[in-house]
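Take 377 as the starting number for the sequence shown in the numbering used here and just add one per residue.
Where is the CB? At the ideal position from N, CA and C, for every residue including glycine.
Written out below as structure tokens is the structure these notes cover.
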Amino acid sequence: MSWRDACGAGGDGKDFRVLILTPHGRDAVLAQQTLSRTGLPSCVCCDLKQLCQEIAGGAGAVMVSEEALPRAHQGEWGSLFGAEPPWSSLPIVVLLGRRASFHNFPLLRALEIRPNVSFLERPVPRRTLVSALRAAIEARRLQYQIRDALDEQKAANRKKDEFIATLSHELRNPLAPIRSAVHVLRSLGDDAGAKDKADRLLAMVERQTDHLVQLVDDLLEASRITTGKIALKRRPVTLAETIHQAFEISEPLIANGRHNLSVSLDEEPLVVDGDPVRLTQIFANLLNNAAKYTPPEGRIQVSLKRDGERAIVSVADDGIGIPQGMLSQIFDLFSQSDGAAGRMQGGLGIGLALVKSLVEMHGGSVVAYSGGSGQGSEFIVSLPLAATQSDDCELSDGALPMGLQRRVLVVDDEVDVAESLGLLLETMGAEVRVVFSGVEALSCVVEFKPHVAFLDIGMPAIDGYEAARRIRAMREGAGLCMIALSGWGRDEDRARALEAGFDQHLTKPVSADALRKVMASTACH
Ligand code: ADP
């Protein structure tokens, strides 16, 4: 048995026992009785060989009388009793005879310089012996804490390595088709079918880019979860509406799997005080998983009902199920079933951790049930209902006005990024001017007089923050709506942008949908 196994469980009480070795059996029995009266478990060893075996089986301390140690042994305690793991330094109490000679006794000399060894000269008062052994056991307890912390660290490192492997795999998947598409697009001729082919390839690039953006967003969300930086924008929300929104998000996956979706929603509008975007995210994650982990043409059932002052939403499927051993960890960050089936579906093991945090932030709880592999799964979310079930809680993101006839300035030192954003804004009806530096932005604000300006943050010479500060200080910039564009979407990045004078902060790459929403929101600016 290894040291780790020996000391790992602790459940059998061996971790804290005192191993006793004395040459006279009577002394050993007396010592054992004394220890047992003070609540210290012990084990008497009849010889050195047994002591070695028992140490390997787990020990809190060793009490050994000098006469029981081998006289001629030249080496260290370690070579006699086996090497210890780095966290361990087994406490040893040596009972010395009156005339013990360290000089003639190499092992005693070796023990003298070893940490955690106490020498007690006989006759030893009972109190002295007990307190020495108690101190030894306490020292051992601290060592076990270090051992447990090291084990936890090892497990976390293993998980991180697994996660990085999954992440690389997931990032590489969409990159391969994008690269092939670029290659084919370059070599496309101008024959009749070329336009059709290019459209198909561009649609594929768009899908794969969306997927990449989703992965990066998930990663940022994971970092926000672990740092507790998700803030809810609460208002009264009807759950049925957020569930419908979630259906829209998950629809492509459900359609792709040709799943049979059945829905049963309580007729009474159930209103919670929540963040509609985050609530939709909760249900979309559960629906996406149901679709991902259910073989084609499976069944997915969604229900919403009231239970007293709570709303209960269940998302059930008859898919691959969850092994029993996995159920307790399913909501942990980066946790995924070992089975290849789970892994093959793609994903980073973030969705359910996010679901749990978001549900809990809404004062609710979420549990997972499954009969085991192949038995399907059910996720039940319970949320407290709002105190007053209000009527005016429709979601705000209805049809957004397009074709905003506004002057928009785009500033980014990356030419492709700036120009593509400019083109996108033009398709929405804006009059656009694109420049590639903070300095140009300052003069363009004076000359072009934009209503809205999108400014990249990371630019050489004058960065986005500095440009925003200077623009705000100008007469033409006072009423300008400024939007920061940055690859960083943490709360502190947002706060820094607002502090510099920006009105909003968007994380790159900005989707057409997000852009449209921002433009709509700037209309009343
Ligand atoms: P991801 O789907 O990206 O792996 P999640 O956090 O959403 O991450 O899910 C974690 C794991 O839980 C999945 O990898 C899968 O093993 C398991 N799981 C989640 N939902 C289901 C489900 N409906 N049926 C079976 N397994 C599921």
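Assignment of beta strand (DSSP E) within the region 411-492, counting only whole runs of 3 or more residues, yields 418-420, 437-441 and 468-472 in chain order. A check of alpha carbon separations from V500 across E460, F539, E538 and M439 identifies M439 as the nearest. The closest heavy atom of the ligand ADP lies 8 angstroms or more from the beta carbon of F812. Not one heavy atom of the ligand ADP sits closer than 8 angstroms to the Cβ of K536. Annotation for G650: no alpha helix (DSSP H) segment contains it, though the beta strand (DSSP E) segment containing it runs V647 to G650. Following the DSSP letters along the chain, one finds L591 in no beta strand (DSSP E) but inside the alpha helix (DSSP H) bounded by residues A570 to T602. Exposure of R534 is indicated by the presence of fewer than 16 other C-beta atoms within 10 angstroms of its C-beta. Nearest to Q751 by alpha-carbon distance, out of A687, G674 and E582, is G674. Note: A744 is bridge-paired with F755 in the DSSP secondary-structure output. DSSP, read as helix, strand or coil, puts T656 in helix. T803 is classed as exposed because its beta carbon has fewer than 16 other beta carbons within 10 Å across all chains shown. Annotated three-state conformation of E685 is coil, per DSSP. With respect to the C-alpha of V786, the residue from S758, A692 and L891 having the closest C-alpha is L891.
Secondary structure at L564: coil, using DSSP grouped into helix, strand and coil. Under DSSP, the beta-bridge partners assigned to V678 are V639 and V691. With a cutoff of 9 angstroms on beta-carbon distance, D788 and L831 are scored as near each other. By DSSP's assignment, P612 forms a beta bridge with D649. With the rule of 3 Cβ pairs closer than 8 angstroms, the region 472-481 does not count as touching the region 419-434.
Assigned with DSSP and collapsed to three states, Q880 falls in strand. Take the alpha-carbon of E842 and the one of V558: they are about 37 angstroms apart. Secondary structure at A860: strand, using DSSP grouped into helix, strand and coil.
For L730, the enclosing alpha helix (DSSP H) stretches over residues G727 to M737. Here the alpha carbon of G723 sits roughly 20 angstroms from the alpha carbon of H635. Ranked by Cα distance from A444, the options P399, E736 and S544 are led by P399.
Excluding sequence positions up to five before and after S494, its CB lies within less than 6 angstroms of the CB of V469 and A508, all in the same chain and listed in chain order. If you look at A829, you'll find it isn't in any alpha helix (DSSP H); it sits in the beta strand (DSSP E) that goes V828 to D832. Not one heavy atom of the ligand ADP sits closer than 8 angstroms to the Cβ of A622. Going by beta carbons, S626 and P699 fall outside the 9 angstroms limit.
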